[in-house]
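Input: a single structure, listed below in structure tokens.
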Ligand SMILES: NC(=O)c1ccc[n+]([C@@H]2O[C@H](COP(=O)([O-])OP(=O)(O)OC[C@H]3O[C@@H](n4cnc5c(N)ncnc54)[C@H](O)[C@@H]3O)[C@@H](O)[C@H]2O)c1
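Numbering (my numbering), first residue to last: 954 to 1321.
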């Protein structure tokens, strides 16, 4: 099978699972080179995962062998790196968020479209076994017509475990830009395009104290809202409520539920690839666990990159694509815009639901 050469920019905390899956699990990807501003991190990745070369990002842009740039840098570097990579003729897959603003994201999509390049990005958890099973249940009519949904991501913040958590509290961080993509991407994949958004946001603390080991005790400024509550109206008529928070000590609410005229679907944590998927129908017998219909239940980060590689080889539209990531970026910005304007935010972008994953996939491949 042809392997598409990938240049990875950013060898930090999340890079390990990408290196591991792109070198060992997916059959159509080869990590050709890695880059990091901190050369020691790139060297450690080369050593650990047997990557062929260390390069600078600028060297990657000139390297004809590299077809996809995988951008795993922190959020404020997403737009400039993606832009340069697209302008150099590379396909681009970027960790979330696509950019810091809708305008930046729309500009990237425009460049990609004009140049006939693929653009897309995280999350790809919605392609995993759990949410693919939910998608099949909805598409096959098990819950009837979707009416509404709830989505809750509440935690006490990432400064307790991430070694360099500063970026989570800068512009482009916060719980909506950090965790919202998993929830919103899953909702758009299950229910389709969003027409209207309203939101309210708050920033209860202006400073946070790092309690993870390396920087224990360091006080960091907060530049972004850390508790975001909002509502979404989908084109299909369904209405969803969502909360994302870095200010909640503990919560008992489910991650995500979808309500239909014939049943309720309990969706697994959209930051994971597996189950459990639970369904309750009108027979009154309560929630029952539904066996997963698809593969990739384990941590399969990079599945969206492999899907993009498949499109590089065979043509087609990558599922974690520009239309979807841009739509999700616009929704994330809309919670603040709605509050500032004290009105519903009317979405500019539209999004077709991505093609569902095939249940015939063989591990390591992504079948159309
Ligand atoms: N850590 C997680 O659990 C996690 C999970 C999912 C997604 N993400 C996302 O992945 C991205 C990276 O997160 P992380 O936790 O790995 O951050 P990190 O700070 O641990 O790593 C980022 C790396 O990118 C490098 N970098 C930054 N700008 C660069 C540039 N211009 N050129 C080359 N290298 C550059 C940094 O030196 C650093 O090594 C973020 O967008 C984050 O939201 C992180």
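No residue lacks a Cβ here, since even glycine has one placed at the ideal position from N, Cα and C.
Report buried or exposed for residue i, applying the criterion of at least 16 other Cβ atoms within 10 angstroms of its Cβ.
i	result
residue 1259	buried
residue 1167	exposed
residue 1179	buried
residue 955	exposed
residue 1218	buried
residue 1154	buried
residue 1043	buried
residue 1181	buried
residue 1177	buried
residue 1284	buried
residue 1203	exposed
residue 1216	buried
residue 1293	exposed
residue 1163	buried
At least one CB of chain B closer than 7 Å to the CB of residue i: is that the case?
i	result
residue 1315	In the structure shown, chain B does not exist; there is a single protein chain.
If you drop the 5 nearest sequence neighbours on each side, which residues of the same chain put their C-beta closer than 8 Å to that of residue i?
i	result
residue 1175	1122, 1156, 1158, 1159, 1160 and 1161
residue 1016	960, 985, 986 and 1008
residue 970	1252, 1254 and 1255
residue 966	1115, 1116 and 1117
Relative to the C-alpha of residue i, which residue among the options is closest?
i	options	result
residue 958	970, 976, 965 and 967	976
residue 1307	1080, 1024, 1050 and 1008	1080
residue 1261	1273, 1133, 1029 and 1005	1273
residue 1058	966, 1279, 1093 and 1300	1279
residue 1078	1190, 1019 and 1133	1133
residue 1040	1020, 1171 and 1048	1020
residue 1226	1181, 991 and 1139	1139
residue 1047	1257, 1102 and 1055	1257
residue 1208	1148, 1165 and 1084	1084
residue 1004	1035, 964 and 1026	964
residue 1051	1071, 1075, 1070 and 1112	1075
residue 1092	1191, 1001 and 1144	1144
residue 1060	1190, 1169, 1036 and 1297	1036
residue 1129	1184, 1113 and 1088	1184
residue 1297	1270, 1196 and 1150	1150
residue 1249	1286, 1317 and 1213	1317
residue 1104	1266, 978, 1086 and 1194	1194
residue 1106	979, 1120, 1222 and 1188	1222
residue 983	1068, 1135, 1244 and 1255	1255
residue 1309	1068, 1267, 1192 and 1246	1246
residue 1141	1289, 1088 and 1120	1088
residue 1186	973, 1097, 1137 and 997	1137
residue 1000	979, 1025, 990 and 973	973
residue 1282	1244, 1224, 1170 and 1131	1131
residue 1244	1002, 1082 and 1112	1082
Who are the Cβ neighbours of residue i in its own chain at under 6 Å, not counting the five residues just before and after it?
i	result
residue 1355	This structure cannot speak to residue 1355, because the chain is shown only from 954 to 1321.
residue 1010	962 and 988
residue 1110	1199
residue 1006	986
residue 1108	none
residue 1064	1039
residue 1114	1165
residue 1234	1216
For residue i, I'd like the list of residues in its chain whose CB is within less than 7 Å of its CB, leaving aside the five on either flank, ordered along the chain.
i	result
residue 1263	981 and 1319
residue 1053	1028, 1029, 1032, 1124 and 1125
residue 1022	960, 962, 1013, 1038, 1043 and 1045
residue 1073	1046, 1257, 1261, 1271, 1273, 1274, 1275 and 1278
residue 1236	none
residue 1101	1191, 1192, 1193 and 1212
Tell me whether residue i, by its Cβ, gets closer than 6 Å to a heavy atom of ligand 1.
i	result
residue 1010	yes
residue 1222	no
residue 967	yes
residue 984	no
residue 1317	no
residue 1213	no
residue 992	no
residue 1278	no
residue 1026	yes
residue 1048	yes
residue 1117	yes
residue 1258	no
residue 1077	no
residue 1030	yes
residue 957	no
residue 1045	no
residue 963	yes
residue 1093	no
residue 1200	no
residue 989	yes
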